[in-house]
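Chains as they are written, first to last, in this note's numbering: chain A, 80 to 271; chain B, 16 to 197.
Before any comments, here is the structure.
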């Protein structure tokens, strides 16, 4: 019974959370409050774990909540529930798109969508910069807004090194995951 | 190798290599799907991300479904999607079962500080690559910069930005055509 409920709760989150993994957080808060499957503190833990493990965050959170609630079947069911709506919607959109791929109107829309999509990806990259390299802390003191910038120099240096090697002729064809793995090792070695 | 199996394994690999959400998957996708297997072009990936912004669900999942469907129909879409979530299910279940305080372990914290620094660079490189096929003239440059500012500084919802950008693309293209025929 709880499995069916899990499926539909996550189906709903998957259906209404537009714009990626972080958009599922408010839905999870809501699920926690209504069902008492987990508290807000548990949720904070789940977000931390989802961020510290490979895989899309939304999927990680669904799996985590599902497991905490109903064991291994729960983790599978919650994840399947989360992805079902987007699979259905994308299958429909893909079919429509294939038909109208060369339609001038569709072309014109994509002409505008592509730079926006690239801009959003750049913005996501910027948010990673803000939590890992420069940690800006805005404070309101009296009438003036103060910015306290906490620059993580060791991380900036690591990023610079990675940038250099991903552009250097001899090493630029290495798989991105090699850089991720090496950076993890450097992170542990230097205690970043 | 069977194409479905290849789809499943490739996207499972993308799932394992992704740290920190759908956007972090982009560099991996460029490598696995565009460069190694030629299942899609950089341009198509940008399209999928744009559509993923305004369709419900996790962006990584949407992109997997798209590429899979393009390649071998709806079944391919489902197989690719199962591939991308499979590693998460295994890894998270193991962590949830055995490591109660996983996210607080010092080794995990330090490793992720390193990984995040690296992910910044990988996303930057991916954006530079994508800009070649998406930012080609003045209007698209303006759209790119505006999107970045609206999203990074004011936190405007991506879905709204994508809708406005689509309409802008339509208007600009028609204006251009108008000026050519005059």
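In this text, a Cβ means the ideal position worked out from N, Cα and C, and glycines have one as well.
Cutoff 8 Å; reference residue i; Cβ partners in own chain excluding five residues on either side
i, result
"residue 146(B)", "159"
"residue 23(B)", "94, 95, 97, 98 and 101"
"residue 258(A)", "241, 244 and 245"
"residue 57(B)", "45, 49, 144, 145, 147 and 148"
"residue 81(A)", "148, 149 and 153"
"residue 60(B)", "41, 44, 45, 48, 49, 78 and 145"
For residue i, the first and last residue of its enclosing beta strand (DSSP E)
i, result
"residue 218(A)", "213 to 220"
Sheet register partners of residue i (DSSP bridge)
i, result
"residue 227(A)", "216(A)"
"residue 34(B)", "133(A)"
Residues near residue i in its chain [Cβ-Cβ closer than 7 Å; skip 5 each side]
i, result
"residue 177(B)", "65, 68 and 69"
"residue 215(A)", "209, 226 and 228"
"residue 235(A)", "212"
"residue 224(A)", "217"
"residue 130(A)", "136"
Range of the contiguous alpha helix (DSSP H) that encloses residue i
i, result
"residue 245(A)", "232 to 246"
"residue 113(A)", "104 to 114"
"residue 128(B)", "121 to 149"
"residue 155(B)", "153 to 169"
"residue 258(A)", "255 to 269"
Of the listed residues the options, nearest to residue i (C-alpha basis)
i, options, result
"residue 261(A)", "120(B), 161(B), 79(B) and 131(B)", "131(B)"
"residue 232(A)", "154(A), 196(A), 269(A) and 247(A)", "269(A)"
"residue 40(B)", "255(A), 185(A), 221(A) and 266(A)", "255(A)"
"residue 179(B)", "253(A), 194(A) and 203(A)", "194(A)"
"residue 206(A)", "121(B), 169(B) and 105(B)", "169(B)"
"residue 103(A)", "238(A), 126(A) and 121(A)", "126(A)"
"residue 164(A)", "90(A), 145(A), 196(A) and 123(A)", "90(A)"
"residue 43(B)", "252(A), 264(A) and 265(A)", "252(A)"
"residue 126(B)", "123(A), 237(A) and 83(A)", "237(A)"
"residue 190(B)", "143(A), 158(A), 184(A) and 133(A)", "184(A)"
"residue 239(A)", "129(B), 106(B) and 172(B)", "129(B)"
Contacting residues, own chain, Cβ-Cβ under 6 Å from residue i (five flanking each side not counted)
i, result
"residue 106(A)", "92 and 96"
"residue 63(B)", "78 and 81"
"residue 19(B)", "94"
"residue 88(A)", "110"
"residue 86(A)", "156 and 160"
Given 8 Å as the limit, is there contact between the stretch 176 to 194 of chain B and the stretch 149 to 166 of chain B, that is, 3 or more CB pairs closer than that?
Here the stretch 176 to 194 of chain B makes contact with the stretch 149 to 166 of chain B; the two share three or more CB pairs at distances below 8 Å.
Please list, in chain order, the residues of the stretch 137 to 166 of chain A that have any C-beta partner in chain C closer than 8 Å.
Absence of chain C from the displayed structure is noted, the protein chains being A and B.
Does the stretch 164 to 173 of chain A touch the stretch 134 to 144 of chain B, meaning 3 or more C-beta pairs lie closer than 8 Å?
The answer is no - the stretch 164 to 173 of chain A does not touch the stretch 134 to 144 of chain B, with fewer than three Cβ pairs under 8 Å.
Pairs of beta-carbons, one from the stretch 86 to 95 of chain B and one from the stretch 110 to 130 of chain A, closer than 8 Å: are there three or more?
With the rule of 3 Cβ pairs closer than 8 Å, the stretch 86 to 95 of chain B does not count as touching the stretch 110 to 130 of chain A.
Is it the case that the stretch 104 to 120 of chain B contacts the stretch 174 to 194 of chain A, given that we only count it when at least three CB pairs across the two stretches are under 8 Å?
Not touching, per the Cβ criterion.
Could you tell me whether the stretch 136 to 147 of chain A touches the stretch 73 to 81 of chain B, where touching means 3 or more Cβ pairs closer than 8 Å?
With a cut-off of 8 Å, the stretch 73 to 81 of chain B and the stretch 136 to 147 of chain A count as touching, because enough Cβ pairs lie within range.
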